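For reference, the structure is listed below as structure tokens.
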Amino acid sequence: MKLQTKYNRATITVAIIVLLIASAVYYFFVWFALIEQVDEALRVEEVEIYHHIKVHDTLPAESHFIDQRIEFAEATTSVNRRFVSKKVLNPLDSEMESSRQLIFPVHVKGKHYTAIVTKSQAEAEHLLLLILGITTVVILLLLMMLFISNRILLKKIWKPFHSTLSAMKEFNLSNPRPIVFEKSDIDEFNALNSAWTQMTQKINQDYESLKTFADNASHEMQTPVAVINSKLDLLIQDHQLSEKSMHHVQAMYNAVHKLTKLNQSLLLITKIENNQFKETHTINLADVVKERLTQLEELIHSGHLSVKTDFKKSTVIIHSMLADILINNLIVNAIRHNINNGVIYITTAPGSIKISNSGEGTSLDPNTIFNRFEKSNASEGMGLGLAIIKQICDTYHFKINYAFKNALHSFEIVYA
Numbered sequence: 006m007k008l009q010t011k012y013n014r015a016t017i018t019v020a021i022i023v024l025l026i027a028s029a030v031y032y033f034f035v036w037f038a039l040i041e042q043v044d045e046a047l048r049v050e051e052v053e054i055y056h057h058i059k060v061h062d063t064l065p066a067e068s069h070f071i072d073q074r075i076e077f078a079e080a081t082t083s084v085n086r087r088f089v090s091k092k093v094l095n096p097l098d099s100e101m102e103s104s105r106q107l108i109f110p111v112h113v114k115g116k117h118y119t120a121i122v123t124k125s126q127a128e129a130e131h132l133l134l135l136i137l138g139i140t141t142v143v144i145l146l147l148l149m150m151l152f153i154s155n156r157i158l159l160k161k162i163w164k165p166f167h168s169t170l171s172a173m174k175e176f177n178l179s180n181p182r183p184i185v186f187e188k189s190d191i192d193e194f195n196a197l198n199s200a201w202t203q204m205t206q207k208i209n210q211d212y213e214s215l216k217t218f219a220d221n222a223s224h225e226m227q228t229p230v231a232v233i234n235s236k237l238d239l240l241i242q243d244h245q246l247s248e249k250s251m252h253h254v255q256a257m258y259n260a261v262h263k264l265t266k267l268n269q270s271l272l273l274i275t276k277i278e279n280n281q282f283k284e285t286h287t288i289n290l291a292d293v294v295k296e297r298l299t300q301l302e303e304l305i306h307s308g309h310l311s312v313k314t315d316f317k318k319s320t321v322i323i324h325s326m327l328a329d330i331l332i333n334n335l336i337v338n339a340i341r342h343n344i345n346n347g348v349i350y351i352t353t354a355p356g357s358i359k360i361s362n363s364g365e366g367t368s369l370d371p372n373t374i375f376n377r378f379e380k381s382n383a384s385e386g387m388g389l390g391l392a393i394i395k396q397i398c399d400t401y402h403f404k405i406n407y408a409f410k411n412a413l414h415s416f417e418i419v420y421a
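Take a look at the structure:
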């Protein structure tokens, strides 16, 4: 749920609760005021009746108007002055309607009477309903205006945050350009931007230091590794070595050879990350695949593999050396992780290339397959082939997909 939606729900819920309580209080206040107004009219009639009796010493004539009636009855018991609310039959339309009565005692010529003044509340009820209707409309308009103003205001307030979020999503260690955050008049957002700026600067510094260390280490390793290789070559040519010693030397030679390949792969990844392959050409990957298949023909035959191809022109703008490395790693990966008498399918099409190979086991984890040094237990490689492929794809903004279907591991690169 978005913060704006959550905030709107909270504010509108609170507003509804407050308005409902206020409406209830307002209703009873208005109703009390209207009743008090009716009671005041009844008291006026009471005063006029007493005045008439005082002046004329007789009861005034009874009256039966639409909204008011005055009646008298002889009292057999003592009468207490009181206000009463009750339903009274309206003789004009023969319907019961809410009325307010004032009952009080009067004395005329020694006789006791009960005076009943009845006043209709219909007009007050109609007025109350009108007020409630207007109040309801006003409340709905207020809620609507609150919702709309919140959306507009929150959108404006959170604009710097979304700008910061967009800038952070574009942050890329391989392209460490400085991030420029939008200046805001809200202190909290400025503090957030300042913290992000300091953090990204620290990340870039640490990353550059790490790259420099890896680059220097790889370069410095080349000389001693080359010396070890040359010395091992001399030892291998020494006929005085025993068979056991020769076996140890050969194991050392294989380990150094693997170390050399590891060093070269790490250097290559570093160069790709540093954008050292800037020159590009329009290359037909179908031609690159054909050339690589010719070079790897002996390796393919040794694994008793069959290759099925479907070539269509598939041009891409890329550095020629990286194109060779990309295709070579894909094909070698398909050969290395294949089964005996397996098959390799290669398809090139405008904007894409797909290489599939038969294999044992189940699907690989697409979330970790392109990580450095990620490899299966049975693999003799170093786990950098797919990492190099992924780095090349990221450099040129290619999309690489992995799928496992019908016992085939498939890698597809889309560059359209």
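Numbering (the numbering used here) for the sequence shown: 6 to 421.
All C-beta atoms in this analysis are idealised placements derived from N, C-alpha and C, irrespective of residue type, glycine included.
These numbers come from a predicted model, not from an experiment.
Discussion item. Extract the residue ranges of the alpha helix (DSSP H) inside the region 188–272, only unbroken runs of 4 or more that lie entirely within it.
Written reply: DSSP runs (the alpha helix (DSSP H)) wholly in the region 188–272: 192–241.
Item to complete: Can you tell me which of the three DSSP states ASN382 falls into?
Response: The residue you call residue 382 lines up with position 377 of the sequence shown. Any reading at ASN382 must be qualified, since the residue scores a pLDDT of 48, below 50, and its modelled position is unreliable; no value is offered.
Practice prompt. Mind checking which residues open and close the alpha helix (DSSP H) that includes LEU133?
Written response: Taking the first residue of the sequence shown as 1, we reach residue 133 at position 128. Residues 127–162.
Discussion item. In the DSSP output, which residue or residues are listed as bridge partners for ILE418?
Written reply: Within the sequence shown, the letter at position 413 stands for residue 418. Its beta-bridge partners are ILE358 and ILE405.
Practice prompt. Indicate whether the contact test is met: 3 or more Cβ pairs, each with one atom in the region 301–312 and one in the region 402–411, closer than 8 Å.
Written response: Segment contact: the region 301–312 against the region 402–411, fewer than three CB-CB distances shorter than 8 Å; contact not assigned.
Worksheet item: Where does THR1 land, buried or exposed, given buried means 16+ other C-beta within 10 angstroms?
Response: There is no way to answer for residue 1, as the model of the chain reaches only from 6 to 421.
Worksheet item: Count the other CB atoms within 10 Å of the CB of PRO165; is the residue buried (16 or more) or exposed (fewer)?
Response: Indexing the sequence shown from 1 puts residue 165 at position 160. With 16 or more other Cβ atoms inside 10 Å of its own Cβ, PRO165 counts as buried.
Item to complete: Consult DSSP for ALA412 and reduce its assignment to one of helix, strand or coil.
Response: Counting from 1 along the sequence shown, the entry for residue 412 is found at position 407. Coil.
Fill in: Run of the alpha helix (DSSP H) containing VAL49, from where it starts to where it stops
Here the question's residue 49 lines up with position 44 in the sequence shown. Run containing VAL49: 8–61, per the alpha helix (DSSP H) assignment.
Item to complete: Return helix, strand or coil for THR81, following the three-state DSSP convention.
Response: As a first step, residue 81 must be located in the sequence shown, where it is residue number 76. When DSSP states are grouped into helix, strand and coil, THR81 belongs to the coil group.
Discussion item. Along the chain, where does the alpha helix (DSSP H) containing ASN345 start, and where does it finish?
Written reply: Position 340 of the sequence shown, counted from the start, is the residue given in the question as residue 345. For ASN345, there is no enclosing alpha helix (DSSP H), as DSSP marks it with neither H nor E.
Worksheet item: Using 8 Å as the Cβ pair cut-off and three pairs as the minimum, do the region 259–270 and the region 222–234 touch?
Response: Inter-segment contact for the region 259–270 and the region 222–234 is present: three or more beta-carbon pairs are separated by less than 8 Å.
Discussion item. Rounded to the nearest angstrom, what separates GLY347 and VAL312 at their Cα positions?
Written reply: Here residue 347 corresponds to residue number 342 of the sequence shown, with the count starting at 1. Here residue 312 corresponds to residue number 307 of the sequence shown, with the count starting at 1. Cα atoms of GLY347 and VAL312: separation of roughly 9 Å, rounded to the nearest angstrom.
Practice prompt. Mind checking which residues open and close the beta strand (DSSP E) that includes GLU100?
Written response: Within the sequence shown, residue 100 is the residue found at index 95, counting from 1. Element bounds for GLU100: 100–113.
Worksheet item: Within this structure, are the beta carbons of LEU271 and ALA219 separated by less than 8 Å?
Response: The count along the sequence shown starts at 1 and reaches residue 271 at position 266. The count along the sequence shown starts at 1 and reaches residue 219 at position 214. The Cβ atoms of LEU271 and ALA219 sit closer than 8 Å to each other.
Worksheet item: In its own chain, which residues sit with a C-beta less than 8 Å from the C-beta of SER168, not counting the 5 before and 5 after it?
Response: Position 163 of the sequence shown holds residue 168. Excluding positions up to five away in sequence, the list reads PHE186 and GLU187.
Fill in: Residue span of the beta strand (DSSP E) that contains HIS286, given as start and end
Numbered from its first residue, the sequence shown carries residue 286 at position 281. For HIS286, the enclosing beta strand (DSSP E) has its first and last residue at 286–289.
Worksheet item: Three-state secondary structure (DSSP) at LEU94?
Response: Here residue 94 is taken as the residue at index 89 of the sequence shown, counted from 1. Residue state, collapsed to three classes: strand.
Practice prompt. Count the CB pairs spanning the region 204–212 and the region 229–238 that are closer than 8 Å, and state whether there are at least three.
Written response: No contact exists between the region 204–212 and the region 229–238.
Worksheet item: LYS395 lies in the alpha helix (DSSP H); which residues open and close that run?
Response: What you label residue 395 is simply residue 390 of the sequence shown in a count that begins at 1. Counting along the chain, the alpha helix (DSSP H) containing LYS395 begins and ends at 390–400.
Worksheet item: In the DSSP assignment, what residue or residues form a beta bridge with THR367?
Response: As a working mapping, residue 367 is identified with position 362 in the sequence shown. As computed with DSSP, THR367 is found in no beta bridge at all.
Fill in: 8 Å Cβ shell around LYS116 - same chain, five flanking residues per side excluded
As a first step, residue 116 must be located in the sequence shown, where it is residue number 111. Cβ-Cβ distances below 8 Å link LYS116 to GLU79 in the same chain, with the five nearest sequence neighbours on each side left out; the list follows chain order.
Worksheet item: Tell me which same chain residues have a C-beta within less than 6 Å of the C-beta of LEU240, skipping the five on either side of it?
Response: The sequence position of residue 240 within the sequence shown is 235, counting from 1. The answer, listed in chain order, is VAL254.
Worksheet item: How do the region 314–321 and the region 280–294 stand: do at least 3 beta-carbon pairs fall below 8 Å, yes or no?
Response: Here the region 314–321 makes contact with the region 280–294; the two share three or more CB pairs at distances below 8 Å.
Practice prompt. Identify which residue in LYS59, VAL111, THR140 and LEU64 has its Cα closest to the Cα of VAL35.
Written response: Within the sequence shown, the letter at position 30 stands for residue 35. Ranked by how close their Cα comes to the Cα of VAL35, the residues LYS59, VAL111, THR140 and LEU64 have THR140 in first place.
Item to complete: Return the chain-ordered list of same chain residues with a C-beta closer than 6 Å to the C-beta of PRO183, the five sequence neighbours on each side being excluded.
Response: Here residue 183 refers to the residue found at position 178 when the sequence shown is read from its first residue. So the list is empty, once near-sequence residues are dropped.
Fill in: Assigned exposure category for SER363 - 16 Cβ within 10 Å defines buried
As a position in the sequence shown, residue 363 is number 358, starting the count at 1. A residue is called buried once 16 or more other Cβ atoms fall within 10 Å of its Cβ, and SER363 is buried on that count.
Worksheet entry | Local conformation of PHE88 per DSSP, three classes | Along the sequence shown, read from residue 1 onward, the residue named residue 88 stands at position 83. In this structure, PHE88 counts as strand in the three-state DSSP scheme.
Worksheet item: Going by other Cβ atoms of all chains shown within 10 Å of its Cβ, with 16 needed for buried, is VAL49 buried or exposed?
Response: Position 44 of the sequence shown holds residue 49. So VAL49 ends up on the exposed side.
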